[in-house]
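So the structure is just underneath, and the comments pick up after that.
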Ligand code: KG4
Ligand code: ZN
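Residue numbers (our numbering): 365 to 723.
Take a look at the structure:
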């Protein structure tokens, strides 16, 4: 394969609270711009849709210019535009899609519509940012399917059977809150700000994970689904009870609470993972989503996989587990070669609730 055959893709993700634009080539990337809105949403304790839409609107053009500049490419070097079509926040998705349609039309480029969850699943394949190396494309041929994909984020917690690129089956998912959402809500009860996942991880490192007990959910249910709303309520009740007992809410208390609560949130995942691997065969396991940045979660998953003689693959950099446009670009690379282009660009609509199994 010659250098020219690997397309340059300009990818956009505005699914939630990050305006992200990347220039990718194969499984590597030349730039990755993330304009974060975390500060704007902090006061609301969650993502406020109208504020997100306004911020995406303000950030989209500068993010595109910076992504092209950092990549050292011009508009005319780009071979295709890729954009997240869903799932995500409808007003946020709208901004990225509108921009992508305009770029594709004005520059006469193919447009590729990407499922955000497929992006998180394939993020494990992103290769280090460096001058293009053709080895990075060859490794894909060595992948043995089926692969188990695990996406643990603020909006999703899913186990996905990957039969091949583009061929996915959901084998388990949360029936209520996602794991990240649960951590964020409990973090809010402890005044840890929003989002709380990484603050909980930091505090948990100094805490005793055996200090407080929580019930492991869904152990009697014979499927691979997850549930976090009961755990969230258990945390709320425990905090209330401890406050009534006049327990001092000092750093040691919060660290112990975070360590214990984080542990049960992750134990729920590894308990179900172990169940899956006892019943089904996979050759590889790929982990993605914002919560996948957590070292305790990774270690617990690795420990479980070891029992089944499997290794864990995640994005080589923690920031690539969270929302980013690189994962959208590398995912669109497959679609580019299959010519999965949007047929009628004008009519492309956002799909806020789009399952990976409906590709
Ligand atoms: O994938 P992501 O960036 O956005 C969604 O698609 O949801 O994930 C965001 C979620 C938030 O709930 C955040 O608290 C959580 O990922 N998160 C973490 C960590 N970093 C981010 N959770 C646990 N430990 C972390 N280090
Ligand atoms: Zn996401």
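Note that beta-carbon positions come from the ideal geometry of N, C-alpha and C, so glycine has one too.
Exclusion of the five residues before and after residue 575 leaves 620 and 624 as the residues of its chain whose Cβ lies within less than 6 Å of its Cβ.
Contact check for residue 680 and residue 490: beta-carbon distance about 7 Å, within the 8 Å limit, so the pair qualifies.
The beta carbons of residue 546 and residue 453 sit no closer together than 7 Å. By the Cβ neighbour-count rule, residue 626 is buried, with 16 or more other Cβ atoms within 10 Å of its own. Taking 7 Å as the cut-off, the beta carbon of residue 385 is found closer than this to the beta carbon of residue 376. Residue 513: member of the beta strand (DSSP E) spanning 511-516, first to last residue. Using a C-beta cut-off of 8 Å, the segment 665-672 makes no contact with the segment 429-438, since fewer than three inter-stretch Cβ pairs fall below that distance.
The continuous alpha helix (DSSP H) containing residue 620 extends over residues 615-643.
Along the length of the segment 513-597, whole alpha helix (DSSP H) runs at least 4 residues long occupy 543-553 and 561-568, reported in chain order. Out of 463, 445, 406 and 424, the CA that lies nearest to the CA of residue 387 is found in 445. By the neighbour-count criterion, in which 16 or more other beta carbons inside 10 Å mark a residue as buried, residue 687 falls on the buried side. Around the CB of residue 592, 16 or more other CB atoms lie within 10 Å, so the residue is classed as buried. Every residue with a CB closer than 5 Å to a heavy atom of the ligand ZN is listed here in chain order: 517 and 687. Beta-bridge analysis with DSSP links residue 393 to 388. Residue environment: residue 579 is assigned as exposed (fewer than 16 neighbouring CB atoms within 10 Å of its CB, all protein chains considered).
Three or more beta-carbon pairs separated by less than 8 Å are not found between the segment 690-702 and the segment 658-666, which leaves the two stretches without contact. Setting aside the 5 residues that flank it on each side, residue 513 is surrounded in the same chain by 485, 524, 526 and 650, each with a C-beta closer than 6 Å to its C-beta; the list follows chain order.
Residue 453: not part of any alpha helix (DSSP H); DSSP gives it neither H nor E.
Inclusion of residue 516 and residue 653 in the CB contact set at 7 Å is warranted, their separation being smaller than that value. About 11 Å separates the beta carbon of residue 665 from that of residue 641, a gap too long to meet the 8 Å contact definition. In the structure shown, the three-state DSSP call for residue 610 is coil.
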